[in-house]
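**Q** Sharing a structure, written as structure tokens. Questions coming.
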Amino acid sequence: MIGKRFLQASAIAAGLTFAAGAAVAAEYGPGASDSEIKIGNTNPYSGPASAYGSIGTVISKYFDKVNAEGGINGRKINFVTLDDSYSPPKTVEQVRKLVEQEKVLFLFQTLGTPPNSAIHKYMNAKKVPQLFVATGATKWGDPANFPWTMGWQPNYQTEAAIYVKWMLDNVDNPKIAILYQNDDYGKDYLQGIHDGLGSKASLIVLEQSYEVTDPTVASQMANLKNSGANVFFNITTPKFAAQAIKIANELGWNPTHFLNNVSTSVGSVLTPAGLEASTGLISTLYTKDATDPAWDNDPGMNEWREFMAKYHPKGNVANGFNIYGYAVAQTLEHVLRQAGDNLTRANIMKEAASITDLRIKTLLPGILINTGPNDFRPIEGMQLRKFNGTTWEAFGPVVSVDTSS
Amino acid sequence: MEIFLQQVLSGLATGAIYASLALALVMIYQTTELINFAQGEMAMFSTYIAWALINAGMPYWAAFFLTIGISFVGGMAIERIIIRPVEKAPVLALVIVFIGLLVIFNSLAGWLWTYTIKEFPSPFPVGSPGGNTYIGFHQLGMIGVTLLVLLFLYLFFRFAPLGLALRAVAQNPVSSRLVGVRVGWMLALGWGLAAAVGAVAGMMVAPRLFLDPNMMGGVLLYAFAAALLGGTTSPLGAVIGGFTLGVLENLAGTYIPFIGTELKLAFALGIIILVLLVRPQGLLGKKIVARV
């Protein structure tokens, strides 16, 4: 009988060992298994902001490529992307569906400041990562209060601080006029300008705001010109940016004109505003630009072009969103590879906050992605660029301004 | 002083935008005593038609007049097909229909032409008279066109038999029918005219505001305030209301510190409330007395 007992004990011991071994080998949160990692996303595929939808599409295509090449650590990516029309109530509905029914491991690249604001508290209460959101608002880099949310692109305050730094070094006797959209986005930039100026805030001679319902900014522009300013910060969305550029030109006002990154499309902003009126505008960039001949033979861009040709032939290669989506998907791929077999929600967040000097080849040279437990701001460097009448020309070095204090 | 002049002239130019759409609102109000909330979106849609025609290679003025024609027929068709079945429905039901039209035109334009802004050509020369920086040729032209439309409407309602019939229908549909005026078609005519006036408004403002499906959303609020201020039954009142509002809004934004640029819209809406409280018929409108 001893033999039988011994066998039973051995079997139990073996079973325990096996179970313990498996636990060490792989840990899974909801949505992750030996064969799959399920990721949720919302994008505006319809409605007024549907132009952004091309980001969701290119990310899906990138994961098709990852899966075709064997997945990440042997697991296929299941990217579930739903349409929210850029409408916050709809985002809430779709995200609840993703978290509670689809049971995704985490959300990635949910798009837009208002949609992400609407789910910010929910995600943190549920302790589900809201990773690398597609918006430049500064509030996504706040690990102390929102440890489950992280941005990706340089935030508005960083961008504003870069303009201010350059302006203080290069403009004699600056007098600053600002036009900004009267909402979270506009005020975020405004805060960045004030912070960048610090004790020199008195250089601002006039701030004017507009509402998105305003038909025109003609009155504001007249006041700004009349202020006698020689520096103009144009913190506006595409339609108002085009109006402001056109009206400044009509008024015969030629200040050093900074145009925020949001509205730098040559096709849909500068051309309607007038290419001549747009000449001399200053903005920033952090990804390579497919229309810039400087990158024609760039290895990183060639990899991207091959990807576009093979996995996304319908995508427009002149559309910067296709570079953006590719770059952010590569960042996530890096995080997931780093996470290995520990695919819990807590570990995804931990790995996302431990990126060291990651180089994504479609970002400008000199930009490295770094994060830490107290640094939820992956990209913090940008390069200035000037519009020469036909294209944007980069100038100066990549500038980093640390705003995460 | 320079900024005062700048703001007044800029206000007149913006006022012309409000006035031109307010005229279209008044057209429908005159015949049906209803405010068409879809008026702005119909004007925006007409402007897209003109944009498509011009892009297809048609000369500006040909596209301009063809668009007015298409809009006139389209406006009549909307009345005949969509409004007529609910003509006798309570006002609230009609309001819902108008809002439905608004959403349909907005989404349709976005679906057909996308939401990115489009440049729309101006028929007037580039630049400004004498190279001044106060007011350009386009703004002057826009003000002129608004006044021309007003003159046309005045003559039409005053002297043309059709215009007289339209006024008769508005005042007394039953008697009009008894003397042989076809009331239903007159209502359709009112809608057609409003759509045509709206099309002119759209084509005049698009070079300033840039064409996108939401171009008229903000304008409609101001046009509504302008029409109320001037009197919803008077085309002249609507135009005066539009110009007054444009100038007042700019001056208040510039000179009254607590209004600033943040409360410009609130200022316009404040005018609506004030007018409704103090003089509901507006500056030039006439009181409508209904027997209950």
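First to last, the protein sequences are chains A and B.
Residue 375 in my numbering sits at position 375 of the first sequence, and the numbers go up by one each step.
Residue 605 in my numbering sits at position 200 of the second sequence, and the numbers go up by one each step.
Ideal placement from N, C-alpha and C gives every residue a C-beta, glycine not left out.
Here the structure is a predicted model, which means the values were calculated and not measured.
Pull the bridge partners of Phe395 (chain A) from the DSSP assignment, please.
**A** According to DSSP, Phe395 (chain A) bridges with A:Leu384.
**Q** Starting from Tyr311 (chain A) and walking both ways along the alpha helix (DSSP H), at which residues does that stretch end?
**A** Per DSSP, Tyr311 (chain A) belongs to the alpha helix (DSSP H) from 299-311.
**Q** Cβ closer than 9 Å: which chain A residues qualify as neighbours of Leu614 (chain B)?
**A** Here the neighbours are Pro215, Thr216, Lys239, Gln243.
**Q** Using DSSP's beta-bridge definition, name the partner residues of Asn342 (chain A).
**A** Asn342 (chain A) pairs with A:Glu27.
**Q** From the DSSP secondary-structure annotation, give me the bridge partner or partners of Asn41 (chain A).
**A** Bridge partners of Asn41 (chain A): A:Thr81.
**Q** The alpha helix (DSSP H) spanning Val511 (chain B) covers which residue range?
**A** Inspection of the sequence shows that residue 511 (chain B) is occupied by Asn rather than by Val. That run of the alpha helix (DSSP H) goes 496-518.
**Q** With a Cβ-Cβ cutoff of 7 Å, do Asn67 (chain A) and Ile59 (chain A) count as a contact?
**A** In this structure, Ile59 (chain A) does not lie closer than 7 Å to Asn67 (chain A) by Cβ.
**Q** Mind listing which residues of the region 194-216 of chain A have their C-beta closer than 7 Å to chain B's C-betas, in chain order?
**A** So the list reads Gln208, Ser209, Tyr210, Glu211, Thr213, Asp214, Pro215, Thr216, given in the order they occur along the chain.
**Q** Rounded to the nearest angstrom, what separates Asp34 (chain A) and Asn182 (chain A) at their Cα positions?
**A** Distance between the alpha carbons of Asp34 (chain A) and Asn182 (chain A) is about 48 Å.
**Q** My assumption, with CB atoms under 8 Å, is that Trp466 (chain B) sits in contact with Phe525 (chain B). Please give the rounded CB distance.
**A** Not really, about 14 Å apart at Cβ, beyond 8 Å.
**Q** Check for me: the beta strand (DSSP E) holding Leu206 (chain A) runs from which residue to which?
**A** First-last of the beta strand (DSSP E) with Leu206 (chain A): 204-210.
**Q** Let me make sure I understand the geometry here. Which of B:Ala468, B:Phe409, B:Ala673, B:Met591 has the alpha-carbon closest to that of Gly480 (chain B)?
**A** For the residues B:Ala468, B:Phe409, B:Ala673, B:Met591, the minimum Cα distance to Gly480 (chain B) belongs to B:Met591.
**Q** Could you round the C-beta distance between Thr110 (chain A) and Ala134 (chain A) to whole angstroms and report it? I think they count as a contact, below 8 Å.
**A** At roughly 7 Å, the Cβ-Cβ gap stays under 8 Å, so Thr110 (chain A) and Ala134 (chain A) are in contact.
**Q** Roughly how many whole angstroms lie between the Cα atoms of Val531 (chain B) and Asn41 (chain A)?
**A** Taking the straight line joining both Cα atoms gives about 47 Å.
**Q** Ends of the alpha helix (DSSP H) at Ala177 (chain A)?
**A** Looking at the DSSP string, Ala177 (chain A) is not in any alpha helix (DSSP H); the run it does join, the beta strand (DSSP E), is 176-181.
**Q** Does the separation of the CB atoms of Ala673 (chain B) and Thr551 (chain B) fall below 7 Å?
**A** No, the pair does not count as a contact, with Cβ atoms beyond the cut-off.
**Q** Count the CB pairs spanning the region 240-255 of chain A and the region 264-274 of chain A that are closer than 8 Å, and state whether there are at least three.
**A** Yes, they touch.
**Q** Below 8 Å on the Cβ atoms is my guess for Thr331 (chain A) versus Leu368 (chain A); work out the distance and round it to an integer in Å.
**A** With a Cβ gap of about 12 Å, Thr331 (chain A) and Leu368 (chain A) do not count as contacting.
**Q** Provide the residue(s) that pair with Leu285 (chain A) in DSSP beta bridges, ordered along the chain.
**A** Looking at the DSSP assignment, Leu285 (chain A) forms a beta bridge with A:Gln383.
**Q** Counting only beta-carbon atoms, is Tyr520 (chain B) nearer than 7 Å to chain A?
**A** Yes, Tyr520 (chain B) lies at the interface with chain A (some Cβ there is under 7 Å from its Cβ).
**Q** What is the DSSP secondary structure of Phe18 (chain A), counted as helix, strand or coil?
**A** Any reading at Phe18 (chain A) is ruled out, since the residue's pLDDT is 48, under 50, leaving its predicted position unreliable.
**Q** I want to see whether chain B comes within less than 7 Å of Glu276 (chain A), judged by CB atoms only; does it?
**A** So no, Glu276 (chain A) is outside the interface.
**Q** What number of angstroms, rounded off, separates the C-alpha of Ile178 (chain A) from the C-alpha of Val398 (chain A)?
**A** C-alpha separation (whole angstroms): 25 Å.
**Q** Identify which residue in A:Glu250, A:Thr356, A:Ala339, A:Ala118 has its Cα closest to the Cα of Lys225 (chain A).
**A** Comparing Cα positions, the closest option is A:Glu250.
**Q** Specify whether the region 627-645 of chain B and the region 563-574 of chain B touch according to this definition: at least 3 beta carbon pairs, one from each stretch, less than 8 Å apart.
**A** The answer is no - the region 563-574 of chain B does not touch the region 627-645 of chain B, with fewer than three Cβ pairs under 8 Å.
**Q** Could you name the residues of chain A that Thr649 (chain B) contacts, counting a contact when the two beta carbons are closer than 7 Å?
**A** In chain order: nothing, as chain A lies at least about 15 Å away.
**Q** Tell me, which residues are paired with Ser265 (chain A) by DSSP?
**A** Its beta-bridge partners do not exist; DSSP assigns none.
**Q** Does any C-beta atom of chain B lie closer than 7 Å to the C-beta of Asn322 (chain A)?
**A** So no, Asn322 (chain A) is outside the interface.
**Q** Which term fits Ile678 (chain B), buried or exposed, when burial requires 16 or more other beta carbons within 10 angstroms of its beta carbon?
**A** Classification of Ile678 (chain B): exposed, given that the 10 Å Cβ count is below 16.
**Q** So Ile767 (chain B) packs on Ala468 (chain B), CB below 8 Å; how close in whole Å?
**A** Residue 767 (chain B) lies beyond the range of chain B shown here (406 to 697); nothing can be said about it.
**Q** Taking only beta-carbon atoms, is Ser219 (chain A) less than 7 Å away from chain B?
**A** For Ser219 (chain A), the answer is yes, since a Cβ of chain B falls inside 7 Å of its Cβ.
**Q** Check the Cβ-Cβ distances between Gly141 (chain A) and every residue of chain B, and say whether any is below 7 Å.
**A** So no, Gly141 (chain A) is outside the interface.
**Q** Would you say Asn261 (chain A) faces chain B, with C-beta separation under 7 Å as the test?
**A** Chain B contact via Cβ: absent.
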